[in-house]
Structure formats: C-alpha cells, structure tokens
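Q: One structure, pasted below without further comment.
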Amino acid sequence: MAEPISISYAGFNRPWAAWIAHQLELLGHPTAMLRWSPAPGRPLADELAGLLAAPDRILLLLDDWFFGLGPRDEDEWNDALRTVIPQHGHRFAAASVATGMPVAAAALAPVDLRDLGTVEARRRVLTRLGIDPDAPVRPDREPERAPRFPNDPPVVFNTPRRNYRFTGRDDILEQLHGTLSSGAAGQGARIALSGISGVGKSQIAIEYTHRFGNDYDVVWFVNANYRMTAREQLADLSVRLNLPVGSNIGERVRRVRDALRTGRPYRRWLLVFDSADEMELLDDLIPEGAGHVLITTRTRDWAVSGGAQEIEVPHFTREESVAFARRRAPRLSEAEADGLAEAVQDLPLVLSQTAAWLDSSTMAPAEYIELLRDKEPGKVGISIGSDYPMGFLTSWSITLNGMREKAPAAAAMLNLLAFFSPDTIPVSRIVERSDQLPRYLAELAGDPISWHSALRRLSESTAVTIDYLTDPSPETEVEKVQMHRLYHRFLRSDLPEDEREAMSATACRILAAADPRRPTDTREWGRYAELLPHLEPAGALESADPAVQELVLHCIDYLLQRGEYRAALKMCELTLAPWSIRLEPTHRSMITLVHRHAEALRNLGRYRESEAAGRRLVDVLTPVRDEEDPDLLQARNGLSGALLGLGEYEAARVAFDDVRQKYADLLGTDHPRTMSLRSNLAFSLALLGRYQDALEIHRGVLVERERRLRTRHHQTMASGTRYAWMLRLLGRYEEAHSRQQRNAALHRQVMGEHNPQTLRAEHNLALCLRRLGRLTEAETLMESVVERFTQVQGPRHPETLMVEADYATFLREHRDLRRARELAASVNRRYEAMLGEQHPFTAGTLGNVGLALWPTGDWQEASEIAELALTRMTAAVGPTHPWTLGCALNAAAARNRMDSPDHAEELSRQTLGTIREVLGDKHPMALSAMMALVDDLRSLRRSQEAKKVEREAIQILSDTLGADHPHTLASRRRERPYWDFEPQPT
C-alpha cells in the first residue's frame, strides 16, 4: 500500500491542501487533512510536536497565515522549528505559498508553489515527497467534483475582498462545507447562517467563498438587504454566464435562475445572499438546482419556512477573541486581549473596532478596558438587547470623539454616509452633487486627495469598508463603500437632533438632484433602482421638501410600472404615516400618495382595502372640490378600478363614463387622461360582456396613442393587447393572433419578460394560439407565463390565478386530468378565499372544476357543480351575460348526460337565442350553442331538425373559422361542445 500522508494547513489556504490531497490520492496515497490552529498560551514547540501524533508522514503547507496564527512572533517560530525539526526531519516535508518565513523554516526544505502552473506545482510537491510524478494515476471517478488548482480561480468569481484579519470560525466553516457537500451529486443545498447583528455572519460567508471557492465553477455574492438591489445583482450574473439576454432585469433574473437550475453552463455553483432578513421579499430569487445557496440573516424564517438548514452563529469563543484582538492590535498582551474580549462579551464587530482603536491610540489598554467596563454608555437613541455588551456604545463613542478631534473632516463625512443605505453608499453620487453639500464637505469632495484620504481613515478605524477598482491611491476609483448596519444605527442615534436633521436634508437634496423625473421611461429604471435603497435611511419619506416628496412619488410610480407591487405598497405604507402628520389630506402630494396606495392594493388583489382607501379619498375631496376637479376625478377613477376587482362592473362603468365625460369637457377627448378613462370604460364594458362596444373604444384609443405616443410607449402597447384580446373574445382569432404576436414581441423587447404587462400580452398570445389549434406552441408559452406570473406576483395574486385557470383548462383538454382537476380546484379555492363565493370569477372557476369531472364519468357531481355555477353566475352578472350563457351551455350538457334531454333541449334553445341577441349569429359561442342543441335534438330522436341545425352550424364554422379549424373538426365528429371560463384582467 502507498505511504499515507497527513497535510497540515492553516484554514486560509485550504484550497492548496485539498488540491494536493487529491493529487496524492490519485496516486494511491491515503491522506488526512490536519487544520493547523495552535492553542493560545501553549508553547509553539509543543503544538508543532503534537503533529507527530499522526502515524504517517506530514506535509506542512506553509503560508503567511500558518505562521501568523496565535499570533506568534518570528523568534518563537525559530525556537520551535529548531527544537522539533532536527529530531524528526524524516517525518516532515513542506510546500510553501508564503511571502516570508522564519529563518529556521529552511530546515524543512519547502518547495515554492507560488505563481506556478498545475503541472509544475504537482511535480514539485511529489518530488519533495519522494514520489515519482510520472507514476500511473488512478482514474478519477468524479472529475467534475475534483478540487480546482488553486492558482486557477473559478470561472466566475464575484465576492467581497478577503478579510486578511479573519480569525477562527474554523468549526463553523467546516460544518458549512460538510453540510453543503454531504448531498448526493446533482442535489443542491440551502443553508442559513443566522445570528444577531455584529456576530460575523457576513464575514464567515465571505471567508467561505474564498476558502472553499475552488470547489465551484461559479461563486456569486448578492447583497440581499433590499429586494431591488438583490434583483439587480442577481441579474448581473447573466452577463458573466454569457446568457443571451437583453437589458431588462426581470428577463435576466429568470435566465440566471434557469441556467443555475439546469446546470448549464455550470453545475457547480455557490450563491451567497447576504443580509436576507425579509424572506417573503426574496424567496422567489433563490435558485433551485444542483448548486449551493448560503444565506446570512438575523431571522430564523429561512429555517422555519424557507427550506434552508440553519447554522446559528455564536459570539467568538474566548480563544478566538484573544487571537483576533492580538492580530488586530499586536501591542496587546494575552491578558489584555482577554480583558478586552470580556469587556465586549466576545462580540466580533465590537472587538474589531475596539482593537483597531487601541492599535492606533497611545492610551494604555488597561485604562481603555476599564472605561468600557465602568463608563455609562450614554443616553443614545439605540436599543441594546441582552445579546449586546453594554460597553460597545462607549467604545464607539471613544473612537468617534477621537476622530472629531484629530480628523473633523473625516468625522463629518462619516456622519453624512450614515444617511444613505449602509450596503451601497453612493460616494460617487455624493461627489457629483457636491453643490448640495455644506461648505466644509464640498471643499473636501472637491479635493480628490483629501477625499480619498478621509475615506481610507474611515476604513481603518470604523466599521466602514471600501472596495477599490484597483489598489487604493488618490487616483483610483472607489467601487463600493459599505458600513455595518449596527454601526450605521449607532452613528445616526449618536448625532444631536439639529445635526441629524441637517445631514438628513443634505442626503435628501443629493438624492432629489439625481431624480430623472421620468419614472415610466424604461431607460431611467436603472437610476431609480439605484436611488430606492437610500430613501428611507436619508429620511426622504419624512421630508417636507417638495422636490424630495416628488422623488418619493416617482420611485413609487417606478415600482408600480415595473410590477413591483409589494415593494410599492411597502413604500406607500412607510410614507403615509409621516405625510399624514405633516400634510393636509387635500395636499396634492398626499392625494397622489393615497391614490398610489390604493393602486398598489388593487394590483395585489386586495380589492376591499383598495376600495376603502379610494372611498375615503373621494369622501375627503367631495365636500371641498368641484365635480370637475382633477384630483377628485382621479380619486373616482381609482375607486372605480377597485369596484371592477370586486365584480361591481356596472357601478364601475357608470363611474368611468361620468369621469371620462368630465375629463373630455375639461381637457379634450384626445388628452392622455381622457384616453386612460376611455380605456378603463372599455375594460368595464368587456367585463359586462359588451365585447363589440369595448373593441371599438380600444381601437380608437390604440390609434390615438400610436399617433401621439408612438408604438413603443407602454400605454400604446397595453392598448394593443386589449384590442387583440377583444378580437379574440369576438372570435376573430386569426386577426387577434397576428396583432398579439407582434405586440408580445414588442413588450419583451421594451419591458422585458417578467414585467406583468408583458406577461398579460404573452398570456393572450397563448390563448390565441390555443384557439387556432397550435397547441404545442400554446402549451409551451402558457406554461412559461404561469411560471413567471407565480414568480413575479406570487401564487395568490389575481393575475396568477387568471393564467392558472386557463392552464388548467389546457391540461384538461390534453388529458392530464389529475393535474387539471387539482389545479382547477386550487384556483377556485383561492378565488373564493380572496373574493367570496358570489364573485363571478369564483362562480366561473367553479364551473371549470365541474368540467374537469366530465372525462372521469362522475356526472352526478359534475351536474351539481354545473347547475350551481349557473345559479351563482346568473346572480352575479345577470342572465344575458356571456359568462352566464357559457355556464348554461355546460348545465345543458350535464342535463343531457343525466338523462334529462327535454330539459337540456329547452335550456340549449333558450341559450342559443340569447347568445344570438348578445353576440351575433356567427360568434363561436353561438355556433357551440347550435351544436349543443343538435346533440339534445338527437337525444330526443328529432333527427331531421338536428341535421338541419347541424348543416347550418358546420357551414358557418367552415366559412368563419375554416374547414380545418379544431372547432369545425370537433363539430364534424359530433363532440358535445363545452364552455370554459376565462377570468379577465381587471
């Protein structure tokens, strides 16, 4: 058997140890990995000699970290090496990636592996161990899981720079690696690192990406504290994966998730979602697949309901604290480091800051530690939980006071930075808008050398980190500035009220000056995504500055336009409280905010809440405004939209028509607001079943918008979808498809694949394809639309239910009966929970559940459901609505199958007459009713009458839809027609 070899390494360079072990194992040498971690206070010679307990030869992997742990100085290392190596030199060999070594390390004759390629590095290691590099190599059973050569980084590697002062946490890192790697090949894993702020979760995640990054082809770090930022950063991965995508974020996110799920182009990937504290806003971004997901969070939500295994991160152990403090402040003795660790209760963030201060201060460590133990933390507006040391406020106050005395400009800059998002502080934007800064900060921003010097000072002595595009110098560009959130809170609370207000106003002015003022322009969406995370920390939501209030409203408009309804609602709710105190209910900004709040609620399907908000606004404005007042008209328009969602279609139509007429009198018939009301009126007419009237209005609006706004404007594209939708409902399938195909392509190009407006367009295109019998194309597109709507809107959103209802029908038609029945029943339950059993959408989808029972032969239950759906739909929308007539077609079919052909014939004949009056003789539903009547007449043995009606129906079908259309062919086969309910956009 080949000689076993143990490899002793410091955790920092584990990739080298893993690669060397793999090379040895391919040659048949068993290996053991021994992590080098000398215990504080124990003689280094004893620790080194302790390696001899391994029964085999020992390869020391030497690097700067190996010699730096402890910390141990060079003299102690020389003494230890001279004591141990001469006696046991035959047991030791060494390989080095160190930049410097103790003199006595020469006795190990280490081979230098720095800056080498794979072949030469392998040759040197094996030769040093006395192994023939040309010896036969065993076949690698899993080459795709083999460690990558350390000098060859992952194909895609995007993670924060490594913290070279990182200390300890080896057990957690090994637990992380073991848990993530324990699954079978092809199975992914999720792990949530949970713990209080400041305990080091992010630092552990960063170190993991560096220490174990060579296990992966793709390593990608996402700042997940804010949803929009997380989406942007996840979308950026599409470029690095060379995916064929455009500039739209939603499309890029979907392509990234698909690529990770399928493992193309890479199966071995690691994604880190840092500061993911709001699971409900981020869960749809977490990819599935064979790779690994690492989440850092202050909550346990991911472990409880997010499908992630939890590893709780504790404070440092005392040994880790002492080692870290002495590395950060070498002048500390072991006893002083222990005292400091005790004073800050081993909390890593506070220990880092206190040790950094001691490293740059002349104060005696004992004196400083005494201050931390005894001094009151001061009356600052920050709550201190039991998990935090009482002295951490004192330590930071000492640091800040020293900075204010010695570097007031840097202290002032720090105060300003605390009023931006701590995760992505926009220092470049601050410099660009230096005209908005106080004079002393403007002068600092105007001098690049002083500006960069101040930033470096902050990074050295506070919880601010800076990433440069190159090595830091006055000429280099700052890529990213971050501040720990706990420190961020402390700074804001530590400021006097007047200074806090001044800094907030400055930050708000900088943000307002960057407002593009075009939230509906897709070309400006990147700018709004950049500004959004800073609104709340800057105090923009409480600002009395009209320009800042306008920025807030623009950001809400941007979120609504992008379909980020949950984020829009959250911002509305955060803003409503301070504005309600500061502004009158009739203030223009307040009116707009309330209107946007109601709109966000409506778009999320929370129609009752939207109606209540809209009605309150109308009640506030009605006594103090004229009937033609634009604000009142806008409020009535919003309220009518909520009524549509609630199924109160006629009330909405009357209100829309009245507001439309007033807008026309006030602004003219071709004004954009009037056109919007005309479109809303058409919506209500369509929901009332007046498809021809709706078609004519949509056509007029489309023509006018094409003329005034051009074809690529989002309102023009929306009108195109609505017009094609009406064409389809009127049975003009070819024309509907032709228009919708072009419209959907334009939507994808301009707005991206994940925008709700694009999804509506593609949904209608799928329905057009289905009506034309192009079923394979229809299925592929419909399945994609369902998946994206669920991802974007969530499983309970009205539009998700709308497309799922249609998909269930498609599945039923293609004999996937189990899935069809389950999905139809699920959609119906969710509609009933959201809207109540009397709502027409609930009645219609109940009828779809009955249809799903037809192929199973359960006619008794199917018949009962069909009759109940007809009763409820009649009560909801009246006896002549197309939806009621469709339910009647299904009820007549059920009566026929239940051996009541006379009752079926009576209902079919009555339904046919009403359909002809409402939709016309040649509408597809009228022809379906004719064929249903034919079936009933045959059941009654009235064959001659049946043949006459049948010939007429098939002739009209051939003339209108074509002889080879699926409806025509089904009629020739004498298949009983049915009607499936399609929920409509509201």
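Here the sequence shown is numbered in the numbering used here, starting from 602 and rising by one per residue. No residue lacks a Cβ here, since even glycine has one placed at the ideal position from N, Cα and C.
For histidine 1568, count the other beta carbons within 10 Å of its own beta carbon; 16 or more makes it buried, fewer makes it exposed. Which is it?
A: So histidine 1568 ends up on the buried side.
Q: Classify methionine 1435: buried if its beta carbon has 16 or more other beta carbons within 10 angstroms, exposed otherwise.
A: When all chains shown are included, methionine 1435 counts as buried.
Q: Return the residue from the list Thr1481, Gly864, Arg919, Leu1096 that minimises the CA-CA distance to arginine 1005.
A: With distances taken between Cα atoms, arginine 1005 lies closest to Leu1096.
Q: Taking methionine 1526 as the reference, which of Lys1548, Arg1574, Phe1582 has the closest Cα?
A: Of Lys1548, Arg1574, Phe1582, the residue nearest in Cα terms is Phe1582.
Q: Hey, how far is the Cα of glycine 940 from the Cα of serine 998?
A: So the alpha carbons of these two residues sit roughly 19 Å apart.
Q: Any idea which residues DSSP pairs threonine 898 with across the strands?
A: Answer is Ser795, bridged to threonine 898.
Q: What are the boundary residues of the beta strand (DSSP E) that tyrosine 610 is part of?
A: Residues 606–610.
Q: Kindly indicate the opening and closing residues of the alpha helix (DSSP H) around glutamine 1439.
A: Careful: glutamine 1439 lies outside any alpha helix (DSSP H) and carries neither H nor E.
Q: Please return the same chain residues whose Cβ sits closer than 7 Å to the Cβ of alanine 1492, not counting the five positions on each side in sequence.
A: Cβ neighbours of alanine 1492 beyond the five flanking positions: Ala1467, Glu1468, Leu1471, Leu1508.
Q: Measure the Cβ-Cβ separation of leucine 973 and alanine 1013 and say whether it is below 7 Å.
A: No, Cβ-Cβ distance for leucine 973 and alanine 1013 is not below 7 Å.
Q: Can you tell which of Arg1189, Ala1199, Ala860, Gln910 has the C-alpha that lies nearest to the C-alpha of leucine 1170?
A: Looking at the Cα atoms, Ala1199 is the closest of the given residues.
Q: Taking 7 Å as the cut-off, decide whether the C-beta atoms of alanine 705 and valine 726 are in contact.
A: Not closer than 7 Å, so no.
Q: From the DSSP output, read off the bridge partner residues of lysine 1081.
A: Its beta-bridge partners are Asp1068.
Q: Check each candidate in Gln1316, Leu1452, Gln1461 and name the one with the smallest Cα separation from arginine 1577.
A: Looking at the Cα atoms, Leu1452 is the closest of the given residues.
Q: Can you tell me whether DSSP reads histidine 1299 as helix, strand or coil?
A: If DSSP states are grouped into helix, strand and coil, histidine 1299 belongs with the helices.
Q: Run the CB neighbour count on tyrosine 765, radius 10 Å, all protein chains shown included, and call it buried at 16 or more, exposed below.
A: It counts as exposed.
Q: Beta-carbon within less than 7 Å of arginine 929's beta-carbon, same chain only, minus the 5 sequence neighbours each way: which residues are those?
A: Hits under 7 Å: Arg766, Ser953, Ala956, Ala957, Asp960.
Q: Count the other C-beta atoms from every protein chain shown that fall within 10 angstroms of the C-beta of glutamate 1098, then say buried if there are 16 or more, exposed otherwise.
A: Result: exposed.
Q: Taking glutamine 1585 as part of the beta strand (DSSP E), name the residues at either end of that continuous run.
A: Element bounds for glutamine 1585: n/a, residue is neither H nor E.
Q: What does arginine 1021 pair with, by DSSP beta-bridge criteria?
A: Reading off the sequence, residue 1021 comes out as phenylalanine, not arginine. Answer is none; phenylalanine 1021 lacks a bridge partner.
Q: So, is proline 1502 buried or exposed, given that buried needs 16 or more other C-beta atoms within 10 angstroms?
A: When all chains shown are included, proline 1502 counts as buried.
Q: For the structure I just gave you, are there three or more beta carbon pairs, one from the segment 1041–1059 and one from the segment 1008–1022, closer than 8 Å?
A: As far as the Cβ criterion goes, the segment 1041–1059 touches the segment 1008–1022, which means the pair count is three or higher.
Q: For alanine 611, which residues from the same chain have a beta carbon less than 7 Å from its beta carbon, with the 5 sequence-adjacent residues on both sides left out?
A: Contacts found: Trp637, Asp664, Trp666, Phe667, Leu670.
Q: How is aspartate 772 classed by DSSP in three states: helix, strand or coil?
A: Helix at aspartate 772.
Q: Do you know how far the Cα of phenylalanine 1091 is from the Cα of serine 984?
A: Unreliable positioning characterises serine 984 in this predicted model, as indicated by a pLDDT of 38, which lies under 50. A coordinate reading is not provided.
Q: Name the DSSP bridge partner or partners of glutamate 911?
A: BP columns for glutamate 911 point to Ala793.
Q: Here's the rule I'm using: 16 or more other beta-carbon atoms within 10 Å means buried, otherwise exposed. How should serine 934 be labelled?
A: Exposed, because fewer than 16 other Cβ atoms sit within 10 Å of the Cβ of serine 934.
Q: Extract the residue ranges of the alpha helix (DSSP H) inside the segment 1228–1282, only unbroken runs of 4 or more that lie entirely within it.
A: Listed in chain order, the complete alpha helix (DSSP H) runs (minimum 4 residues) inside the segment 1228–1282 are 1231–1246, 1250–1268.
Q: In this structure, how does DSSP classify phenylalanine 693 when only helix, strand and coil are distinguished?
A: Reduced to three states, the DSSP call for phenylalanine 693 is strand.
Q: Report yes if the C-beta distance between isoleucine 1248 and histidine 1440 is below 7 Å; otherwise report no.
A: According to the sequence displayed, residue 1248 carries glycine and not isoleucine. Contact: yes.
Q: Using three-state DSSP, classify histidine 1315 as helix, strand or coil.
A: Of the three classes helix, strand and coil, the one that applies to histidine 1315 here is helix, per DSSP.
Q: Could you tell me the alpha carbon to alpha carbon distance between threonine 1515 and tryptophan 1484, rounded to whole angstroms?
A: Approximately 12 Å between the Cα atoms of the pair.
Q: Do you know offhand how far arginine 1030's Cα is from glutamine 1037's?
A: Taking the straight line joining both Cα atoms gives about 11 Å.
Q: Residues bridged to phenylalanine 822 by DSSP?
A: Paired residue(s): Val873.
Q: Excluding five sequence neighbours on each side, which residues of the same chain lie with their C-beta closer than 7 Å to the C-beta of isoleucine 773?
A: Excluding positions up to five away in sequence, the list reads Ile805, Ile912, Val914.
Q: Using three-state DSSP, classify asparagine 1429 as helix, strand or coil.
A: Helix.
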